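Per the numbering used here, numbering through the sequence shown is continuous, rising by one, with the last residue being 551. Remarks on the structure that follows.
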Amino acid sequence: MPLVIKTSSTSYSLLTDSGEVLNDCRLKGNLRLKGIRTTNPVAVGDIVDIYTQDDGTIWITNIHKRDNYIIRRATNLSKESQVIAANIDLAALVITLHHPTTHTTFVDRFLFNAECYHIPASLIFNKSDIYDSDEREELDMWCKLYSSLGYTTHIVSAATGEGIDALKDYFRGKTLLLAGNSGVGKSTLLNVIAGEELTRTADLSKVHEQGMHTTTFSQMHILPQCRIIDTPGVRGFGIVDIQANEVWGYFPEIRHFAKQCKYANCTHTNEPQCAVKDALEHHYIAISRWDSYLSIMGDAKQEKYRK
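Printed below as a string of structure tokens:
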């Protein structure tokens with residue numbers, strides 16, 4: 245069955261079982277997925293059915309049920325979201341501590357999204373070659389935090405090659421999403437992993453230390469060792485359709501301590517005898533993670549960025 249390997253605003257590219265690439269495929273106007281409001285019903289990684297007209301035009305007629313997907317919030321901040329990858333084995337986020345700064349709330353929203361669909365997640369700390377000793381110590385601290393929560397972390401440098409071989413081994417045999425803010429070196433990292441220039445790279449803006457968007461559409465790169473879905477620079481992730489009082493279940497450390505709360509419906513905000521709040525006070529839960537939890541729970545209450 246055809247696999248979607250590239251999406252744009254008007255057409256799609258598909259990979260058939262025989263290895264043939266079908267370009268300029270079109271979508272039937274009435275094709276929509278039930279239960280999800282998205283800017284585009286088809287995502288890279290989708291398995292689809294097609295129909296070929298007499299004039300050679302290829303139409304996507306059906307989207308098969310997804311095992312999982314990752315969404316980002318629509319640019320207009322409406323209740324619609326954009327599915328950026330479907331049917332993946334791994335969600336990997338490229339991060340830089342500085343130049344530009346990747347904020348922890350952004351990281352935690354990415355991990356929350358992956359947790360909701362039981363997608364293994366990995367954090368790739370890039371540009372290790374540019375950090376001084378103090379920044380390297382900070383980097384090690386963040387790796388230790390997220391590793392303690394069960395997430396795989398990698399310290400790499402696309403410039404020097406540090407950690408690249410281990411990263412290639414980790415990716416082997418997987419279909420994965422490679423995401424990140426613009427400017428974190430995602431395109432350069434992808435090129436190094438592939439051993440060839442698959443995507444353009446660009447320098448940071450000197451004014452805002454933000455990267456130029458070198459990827460303008462989502463695309464799956466078929467490499468000998470893995471399949472990597474590259475997406476445009478992501479500025480924010482949406483949340484799935486859950487209630488505010490369910491958000492805590494997708495934070496591993498909160499989930500761990502919540503078992504000891506007195507009340508089964510504890511939201512871990514102002515209830516008495518809350519084991520989670522006690523763990524926070526004793527520094528078993530990081531403040532940055534707690535702030536992310538409150539932020540996501542607040543969005544869920546207001547139904548922001550919901551699908």
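Where a beta carbon is used, it is the ideal one built from N, C-alpha and C, also for glycine. Fair warning: this is a prediction, and the values are worked out from it, not measured in the lab.
Considering only heavy atoms of the ligand FMN, does any lie closer than 7 Å to the CB of residue i?
i, result
"L341", "The ligand FMN is not among the ligands present in this structure, which contains no ligands whatsoever."
Can you tell me whether residue i is buried or exposed, with buried defined as 16 or more other CB within 10 angstroms of its CB?
i, result
"D474", "buried"
"D447", "Note that D447 scores 49 on pLDDT, short of 50, meaning its location in the model is unreliable and no value can be drawn from it."
"N425", "buried"
"D290", "buried"
"S252", "exposed"
"H512", "buried"
"E497", "buried"
"M245", "exposed"
"D352", "buried"
"N357", "buried"
"G427", "buried"
"E359", "buried"
Assign residue i to one of three DSSP states: helix, strand, or coil.
i, result
"S262", "coil"
"R353", "helix"
"T296", "strand"
"G427", "coil"
"M541", "helix"
"T513", "coil"
"N306", "strand"
"G455", "Unreliable placement is indicated for G455, whose pLDDT of 46 sits below 50; the coordinate value is still reported in the next sentence. Reduced to three states, the DSSP call for G455 is strand."
"D535", "helix"
"L448", "Model confidence at L448 stands at a pLDDT of 46, short of 50, so the residue's coordinates are unreliable; what they give is reported in the following sentence. DSSP places L448 in strand when its eight states are reduced to three."
"I291", "strand"
"T348", "helix"
"R550", "Low confidence applies to R550: its pLDDT is 47, below 50, so where it sits in the model is not reliable, and the reading given next is rough at best. Correct three-state label for R550: strand."
"N284", "coil"
"L442", "coil"
"D409", "helix"
"Y390", "helix"
For residue i versus residue j, is the C-beta distance shorter than 8 Å?
i, j, result
"I437", "L421", "no"
"F369", "A423", "no"
"A403", "D373", "yes"
"I294", "L258", "yes"
"V286", "I307", "yes"
"E515", "Y528", "no"
"L433", "L383", "no"
"S532", "T348", "yes"
"V292", "S462", "no"
"Q487", "C505", "no"
Would you list the residues sitting across from residue i in a DSSP beta bridge?
i, result
"A329", "I314"
"Y256", "T251, C269"
"L367", "L337, T397"
"T419", "R471"
"W504", "As written in the sequence, residue 504 is Gln, which differs from the Trp given in the question. Its beta-bridge partners do not exist; DSSP assigns none."
"M385", "Paired residues: none, contrary to the question."
"M464", "I473"
"F481", "R316"
Whose C-alpha, out of the options, is nearest the C-alpha of residue i?
i, options, result
"I399", "Y361, L337, I363", "L337"
"N489", "M464, A544, L442, C470", "A544"
"Q414", "D268, I472, Q463", "According to the sequence as given, residue 414 is Tyr; it is not Gln. Selected option, being the one with the closest Cα: I472."
"Y256", "P246, N267, T340", "N267"
"K250", "N312, A330, W492", "A330"
"I408", "N435, Y395, Y390, G394", "N435"
"R416", "I466, S392, E406, S401", "I466"
"D299", "T260, Y313, C269, I328", "C269"
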